[in-house]
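Step one of this worksheet: look at the structure below.
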Amino acid sequence: MRWALVKVCVAVTAMVVVAFAVPLGLVIREMARDRAFSNAEREAAAVAPALSITTDRAELEKVVASAASDAGMAVHIPAADRTDAGGSGESADAGAGERAVDIGRQRATDKDIAATRRLGRASTAEVPGGSTLLQPVALSSGQIAVVEVYVPESEVTNGVGTAWAVLALVGVALVVGSVAVADRLGVRMVQPAQRLVESAHELGEGKLGARVPEEGPTELRLAAVAFNSMADQVVQLLANERELAADLSHRLRTPLTVLRLNAASLGDGPAAEQTRAAVAQLEREVDTIIRTARDAKPQTAAVGVGVGCDAAEVVRERMDFWSALAEDEGRKVRVAGVDRPVRIPVARADLVAALDALLGNVFRHTAEGTAFAVDVHNGEDAVIVLVSDAGPGIADPEAAMARGRGSGADGSTGLGLDIVRRLAESTGGDVRIGRSVLGGTEVRIWIQLDGREPERRGHRGSVRRRGAMRRRGPAALVSTFNRSRSHP
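Our numbering puts the first residue of the sequence shown at -18, with every later residue one more than the last.
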């Protein structure tokens, strides 16, 4: 593109130079010719007054010598009848067609001189080495003399070569200037295109951070914006795929936990040991998949209109599943707030995954016999789900919420709490970790019903209620839920 633009500019500039320089050079040549013949006319005019007065050769030679700038002037006077000095009246005929006076070197032919005398007006004639100006002058005797002024070719072309050289230099300068300007314009156009190509190659090679500076001509700037947007979407799609792979892998931990607990009750024996070893190996493989897939920063898509589920129904279903395991381990279980439907803008599968992640953590990170509870509170603008236990608790809640860090124990990937967090944030809510009334960990899931942050709403009562709940803490929330439902 760059060289193509340069070639176009060279062609256009060359045509412009030729279109203007050639006519201008011809005009300069004609002006030089006119100047030379104008000088010749002035020299011929300087002799005319003397010819009208006298035809004496000696006098005319003096006049010609003083008028002519060089030896390029000649005077041709025709023959005439004259009376001798004694006044006898005898006529001396010089013969028709003979010149009585001929001063200077004749270069024009007799035919050209005769034609000028006959026509009575100035004319030019081509002669070897240049041209001659033939100027007729009327004598006192009524005859016509012809003044011949020689104009050499060097005088006709004087300054023309210099003018052509100047025009040529100007034309070359214009072409060089147009090439420089075209090259700069080409660079301005080509560099953004080259950066776009390089970034496309880098993106194709897996360098997801490749971006294009949004600069240059409008079209290329729009192309850079489109490329950057496409790259962002590619990164987002890959991140979502990694998230999906990590989430699906994490969901396998629920049945693995069941298998591990069931394998622990098989007793001793080769078959039991093989089963426990296989379950442990499978857990390690699932953890490896999760750690491999969670590199990208998660991004939760907004929940679509009409997507949702009954939180009470999902909690009852999952508690029925986990209650069997809790009974085998001697754990006390309490469920509250699920006696009536609680609609939330969350997909059923996502809520199931979040509850299984939290309850699986209870079984995985607390000792057998540790009690736990699940409470659901349905407010005006939000639904709160509390999962609490009587275990040792979490020493650093902020670190536990950081994706990929977990509790630091074996088998902890930190993805379970991140699944819960992303579910809550997809509705405009959040997740908090604190100390439960049972003495252990309490995970509070705040699910916003309208998908907006409560602080941005115009309902001040809801904001005050939420602020008051946050100030009173998780223990007060559990107490409030228990009092509102009269649940033991």
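Cβ atoms here follow ideal geometry from the backbone N, Cα and C, with glycine treated the same way.
Among Asp356, Ala96, Val343, nearest to Thr238 - alpha-carbon criterion: Position 257 of the sequence shown, counting from 1, holds the residue named residue 238. Comparing Cα positions, the closest option is Val343.
Where the alpha helix (DSSP H) containing Glu40 begins and where it ends: What you label residue 40 is simply residue 59 of the sequence shown in a count that begins at 1. Its alpha helix (DSSP H) spans residues 38 to 48.
At least three beta-carbon pairs within less than 8 Å, the segment 146 to 156 to the segment -6 to 12: yes
Under 8 Å between C-beta atoms of Asp228 and Val(-13): To locate residue 228, count along the sequence shown from 1; it is residue 247. To locate residue -13, count along the sequence shown from 1; it is residue 6. Against a cut-off of 8 Å, the Cβ pair of Val(-13) and Asp228 comes out as no contact.
Integer-rounded CB distance, given that Ala29 should sit under 8 Å from Val137: In the sequence shown, counting from the first residue as 1, residue 137 sits at position 156. In the sequence shown, counting from the first residue as 1, residue 29 sits at position 48. Not confirmed; about 23 Å, so no contact.
CB of Ser33 within 8 Å of CB of Leu120, strictly: Walking along the sequence shown from the start, residue 33 turns up at place 52. Walking along the sequence shown from the start, residue 120 turns up at place 139. Yes, Cβ-Cβ distance for Ser33 and Leu120 is below 8 Å.
Own chain, CB closer than 6 Å to Ala305, minus 5 neighbours either side, in chain order: In the sequence shown, counting from the first residue as 1, residue 305 sits at position 324. Hits under 6 Å: none found.
6 Å CB neighbourhood of Ser112 in its chain, flanking five on each side removed: Here the question's residue 112 lines up with position 131 in the sequence shown. Thr105, Val132.
The segment 327 to 336 touching the segment 312 to 319, judged by at least three CB pairs closer than 8 Å: no
Under 8 Å between C-beta atoms of Leu240 and Arg299: Position 259 of the sequence shown, counting from 1, holds the residue named residue 240. Position 318 of the sequence shown, counting from 1, holds the residue named residue 299. Cβ distance not < 8 Å, so Leu240 and Arg299 don't count as in contact.
Cβ shell of Gly421 (< 6 Å), same chain only, five flanking positions each side left out: The residue labelled residue 421 in the question sits at position 440 within the sequence shown. Counting only Cβ-Cβ distances below 6 Å, and skipping sequence neighbours, we find Asp370, Ala371, Gly372, Gly374.
For Asn342, the first and last residue of its enclosing beta strand (DSSP E): If you number the sequence shown from 1, residue 342 lands on position 361. Where Asn342 is concerned, there is no enclosing beta strand (DSSP E), although the alpha helix (DSSP H) it sits in stretches over 329 to 346.
CB contact flag (Ala471, Val141, <8 Å): Lying outside -18 to 469, the shown extent of the chain, residue 471 is not represented and no answer is given.
Check whether Cys(-10) and Val171 have beta carbons under 8 Å apart: The residue given as residue -10 occupies position 9 in the sequence shown. The residue given as residue 171 occupies position 190 in the sequence shown. Against a cut-off of 8 Å, the Cβ pair of Val171 and Cys(-10) comes out as no contact.
Enclosing beta strand (DSSP E) for Leu367 [first to last residue]: Start at 1 with the first residue of the sequence shown, and residue 367 comes out as number 386. Its beta strand (DSSP E) spans residues 363 to 370.
Contact belief for Ala354 with Arg321 at Cβ below 8 Å, rounded distance in angstroms: The residue labelled residue 354 in the question sits at position 373 within the sequence shown. The residue labelled residue 321 in the question sits at position 340 within the sequence shown. Contact doesn't hold; Cβ gap of about 18 Å is too wide.
Outcome for His182 when other beta-carbon atoms lying within 10 angstroms are tallied against a minimum of 16: Position 201 of the sequence shown, counted from the start, is the residue given in the question as residue 182. With fewer than 16 Cβ atoms within 10 Å of its Cβ, His182 is classed as exposed.
DSSP-derived helix/strand/coil call for Val82: Counted from its first residue, the sequence shown places residue 82 at position 101. Of the three classes helix, strand and coil, the one that applies to Val82 here is strand, per DSSP.
Asp91 - containing beta strand (DSSP E), residue span: Within the sequence shown, residue 91 is the residue found at index 110, counting from 1. Counting along the chain, Asp91 falls outside any beta strand (DSSP E), though it belongs to the alpha helix (DSSP H) covering 91 to 100.
Contact set for Arg10: own chain, Cβ-Cβ below 6 Å, skip 5 residues either direction: Taking the sequence shown and counting its residues from 1, one reaches residue 10 at position 29. Cβ neighbours of Arg10 beyond the five flanking positions: Val141.
Through-space distance from Asp309 to Glu423, alpha-carbon basis: For the purposes of this step, residue 423 is identified with residue 442 of the sequence shown, where counting begins at 1. For the purposes of this step, residue 309 is identified with residue 328 of the sequence shown, where counting begins at 1. Each residue's alpha carbon lies about 23 Å from the other.
Sequence-distant residues of its chain with Cβ nearer than 6 Å to Gly360 (five each side left out): Sequence index remark: in the sequence shown, residue 360 carries index 379 (1-based). Nothing listed; no residue qualifies.
Nearest-angstrom Cα separation, counted from Trp145 out to Val8: As a position in the sequence shown, residue 8 is number 27, starting the count at 1. As a position in the sequence shown, residue 145 is number 164, starting the count at 1. Cα to Cα, the separation comes out at about 11 Å.
Proximal residues to Ile94 (C-beta, below 7 Å), its chain only, five neighbours per side dropped: Your numbering for residue 94 matches position 113 in the sequence shown. Excluding residues within five positions, the ones whose Cβ falls inside 7 Å are His57, Leu115, Val127.
Three-state secondary structure (DSSP) of Gly415: Reading the sequence shown from its first residue, position 434 is the one you call residue 415. Residue state, collapsed to three classes: strand.
Exposure label - Glu379; buried when at least 16 CB within 10 Å: Here residue 379 refers to the residue found at position 398 of the sequence shown. Classification of Glu379: exposed, given that the 10 Å Cβ count is below 16.
The beta strand (DSSP E) enclosing Ala106, as first and last residue numbers: Start at 1 with the first residue of the sequence shown, and residue 106 comes out as number 125. Run containing Ala106: 104 to 108, per the beta strand (DSSP E) assignment.
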